[in-house]
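**Student:** This structure is in structure tokens; I'll ask about it shortly.
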DNA sequence: TCCAAAATATGATATTGATCATTTTTCATA
DNA sequence: TATGAAAAATGATCAATATCATATTTTGGA
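Residue numbers (the numbering used here), protein chains in the order written: chain B, 1 to 239; chain S, 240 to 478.
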């Protein structure tokens, strides 16, 4: 069985707390959350929740990275989003009062906090400003998802890959010298499942981009050498 | 110029009011809305709002049908959803406090009610149950959009067309004998812009389905002859 | 450190669906 | 009801990408 270990991390010490959805929650509410939550270390490959199951709480990523995806009827995985420390998972299903419509699996190990549904709903209930903030977030994500739909429906695989690399660089780029290194452990297959194509196609296109000196490949990690060039490939203008 | 005519339709008389988002709004709030809204007849081709503009209110469709779509950088249209009497448009942008991320154009003429932003937000503010309902709706739509994304990313055009025809039949099917007639005036181009393909491809596939006796074509309108067969084409099982 | 399995890479081929060109039909309206 | 424009239909061709097959490399455990 899994070797999950229960650990305790106060919400007030959570990385990225300042920019998270909880950022301007009153101290009192934060303490309530800290009190009731559980934090567990997950290893790569372990799953936080499965599509089709009933959500019993809210996940908050303390460290590590997670992919959120759906499995189609043919068994193919489609990654809907990637989550990093400070991100929350599972609120869509809690707010819509539905089962999970996607699964979430750890791609880089770390600690995940779990806030029981009742505590989360309590705070939503008694804190209208927080509820508005959550609703605003969900509405914003709907907008993002609509844009993604258009991109997948209308852009070529090459364009989508270039656009995804730029997005990854912006989200997972490192500090200073290494700022062009995309710091997330995505396999070629994961990348293919983000943009909706075959693994071989991603591999071919990456080596193509490498030949064009747009990127360099350092093992699994990708370095962006020519962001402008990638932007050109992505046909980013006018979006 | 357009020949928009201001007409008055009390919300209490709105078709589909019973099942709309406003269904269990207190009488008092409904009257406030009725008081402040304007209702205008729109002809086919007229646009309710444009992507990139600031939302100033909420649209409610009294009669007629509307398509909601985005235009990609290459100028191609992608239809995100179709709206029918009783449906609301524009609340995503109001709740996320963003500009419209899509445009809405009338495909079958009818009357559209317009509720000023301030009135809508007032009611949201003072009526937590209604706000929860709106949030729930947006979260549900996010789930639908995620499913659409997976479908477009992973299913063939043939499967998507078959699935779309089934959805259209379920949403716009008529009563009784004519229950298999899809009662919405969509051009082949519109259909192509829903499923994300070329118009010619839709035309070819439709005549294919016709040859297979899955559908029949009566002018612009499509009749579903063999729903089971279409479901098979759509590979619907297990979704 | 070595081994097996997984991931990556590369090649050959097949298929889907886009694009371009042309014809036919439908439809609005003059 | 005639006519011009838009929509639908059909054909020919081509490009992008999936699929299948087979190395080669990397990696995580025993």
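Every residue gets a Cβ at the ideal spot worked out from N, C-alpha and C, and that includes glycine.
This structure is a prediction, so every number in the text was calculated from the model and none was measured.
Could you tell me which of 309/S, 292/S and 288/S sits nearest to residue 299/S, measuring between CA atoms?
**Tutor:** As a position in the second chain, residue 299/S is number 60, starting the count at 1. If we check each option's Cα against that of residue 299/S, 288/S comes out closest.
**Student:** Looking at the structure shown, is residue 49/B part of a helix, part of a strand, or coil, going by DSSP?
**Tutor:** The residue labelled residue 49/B in the question sits at position 49 within the first chain. Residue 49/B falls in the strand class under three-state DSSP.
**Student:** What residues of chain S sit near residue 235/B, judged by a beta carbon separation below 9 Å?
**Tutor:** Locating residue 235/B in the first chain gives position 235, where the first residue counts as 1. In chain order: 312 and 313.
**Student:** Applying a beta-carbon distance threshold of less than 7 Å, which residues of chain B neighbour residue 435/S?
**Tutor:** Here residue 435/S refers to the residue found at position 196 of the second chain. What residue 435/S touches in chain B: 153 and 154.
**Student:** Considering only residues of the same chain and omitting the five flanking positions on each side of residue 79/B, which have a CB-CB separation below 8 Å?
**Tutor:** Taking the first chain and counting its residues from 1, one reaches residue 79/B at position 79. Answer for residue 79/B: 67, 68, 69, 190, 193 and 194, listed in chain order.
**Student:** Check whether the Cβ of residue 158/B lies closer than 8 Å to any Cβ atom in chain S.
**Tutor:** What you label residue 158/B is simply residue 158 of the first chain in a count that begins at 1. Taking Cβ atoms only, chain S never reaches closer than 8 Å to residue 158/B, which makes this a no.
**Student:** Please state if the CB of residue 409/S and the CB of residue 473/S are separated by a distance shorter than 8 Å.
**Tutor:** Here residue 473/S corresponds to residue number 234 of the second chain, with the count starting at 1. Here residue 409/S corresponds to residue number 170 of the second chain, with the count starting at 1. Going by C-beta atoms, residue 473/S is not nearer than 8 Å to residue 409/S.
**Student:** Over the uninterrupted beta strand (DSSP E) stretch that includes residue 108/B, give me the two end residues.
**Tutor:** Position 108 of the first chain, counted from the first residue, corresponds to residue 108/B. Its beta strand (DSSP E) spans residues 103-108.
**Student:** Give a yes or no on whether the minimum CB-CB distance between residue 321/S and chain B is below 8 Å.
**Tutor:** On the second chain, position 82 is the one that residue 321/S refers to. No, residue 321/S lies away from the interface with chain B (no Cβ there is under 8 Å from its Cβ).
**Student:** Can you give me the Cβ contacts of residue 20/B inside the same chain, cut-off strictly under 8 Å, excluding the 5 residues immediately before and after it?
**Tutor:** In the first chain, residue 20/B corresponds to position 20, counting from 1. Closer than 8 Å at the Cβ level, and outside the excluded window around residue 20/B, lie 14, 60, 86, 87 and 88.
**Student:** Can you name, in chain order, every residue of its own chain whose Cβ lies under 6 Å from the Cβ of residue 57/B, other than the five neighbours on each side?
**Tutor:** Here the question's residue 57/B lines up with position 57 in the first chain. Same-chain partners within the cutoff: 114, 115, 116 and 117.
**Student:** What do you reckon, are the CB atoms on residue 294/S and residue 333/S nearer than 8 Å?
**Tutor:** Translated into the one-based positions of the second chain, residue 294/S becomes position 55. Translated into the one-based positions of the second chain, residue 333/S becomes position 94. Taking 8 Å as the Cβ cut-off, residue 294/S and residue 333/S qualify as a contacting pair.
**Student:** Could you tell me the alpha carbon to alpha carbon distance between residue 213/B and residue 40/B, rounded to whole angstroms?
**Tutor:** Numbered from 1 along the first chain, position 213 holds the residue referred to as residue 213/B. Numbered from 1 along the first chain, position 40 holds the residue referred to as residue 40/B. Those two C-alpha atoms are separated by around 42 Å.
**Student:** Since residue 78/B meets chain S, which of its residues come closer than 8 Å, beta carbon to beta carbon?
**Tutor:** Locating residue 78/B in the first chain gives position 78, where the first residue counts as 1. Chain S residues near residue 78/B: 388, 389, 392 and 393.
**Student:** Determine the closest residue to residue 269/S out of 350/S, 329/S and 359/S, with distance taken between C-alpha atoms.
**Tutor:** For the purposes of this step, residue 269/S is taken as the residue at position 30 of the second chain. Nearest C-alpha to residue 269/S: 359/S.
**Student:** For residue 441/S, go through chain B and note every residue whose CB falls closer than 8 Å to its CB, in chain order.
**Tutor:** Your numbering for residue 441/S matches position 202 in the second chain. By Cβ distance, chain B contributes nothing, its closest Cβ being about 14 Å from residue 441/S, past 8 Å.
**Student:** Here's the rule: buried if 16 or more other CB atoms are within 10 angstroms of the residue's CB, otherwise exposed. What is residue 413/S?
**Tutor:** In the second chain, counting from the first residue as 1, residue 413/S sits at position 174. Exposed.
**Student:** Do residue 184/B and residue 168/B count as a contact pair if the criterion is CB distance below 8 Å?
**Tutor:** Counting from one through the first chain, the residue named residue 168/B turns up at place 168. Counting from one through the first chain, the residue named residue 184/B turns up at place 184. A contact, by the Cβ cut-off of 8 Å.
**Student:** Under 8 Å between beta-carbons, which chain S residues line up against residue 136/B? List them in chain order, please.
**Tutor:** Here residue 136/B is taken as the residue at index 136 of the first chain, counted from 1. Residues of chain S passing the Cβ test: 334, 335 and 336.
**Student:** Is the beta carbon of residue 290/S less than 8 Å from the beta carbon of residue 335/S?
**Tutor:** Taking the second chain and counting its residues from 1, one reaches residue 290/S at position 51. Taking the second chain and counting its residues from 1, one reaches residue 335/S at position 96. Taking 8 Å as the Cβ cut-off, residue 290/S and residue 335/S do not qualify as a contacting pair.
**Student:** Where do the ends of the beta strand (DSSP E) carrying residue 321/S lie?
**Tutor:** For the purposes of this step, residue 321/S is identified with residue 82 of the second chain, where counting begins at 1. 316-322 is the extent of the beta strand (DSSP E) around residue 321/S.
**Student:** Return the residues of the region 443-474 of chain S that lie within a Cβ-Cβ distance of less than 9 Å from chain B, sorted by chain order.
**Tutor:** So the close ones are 474.
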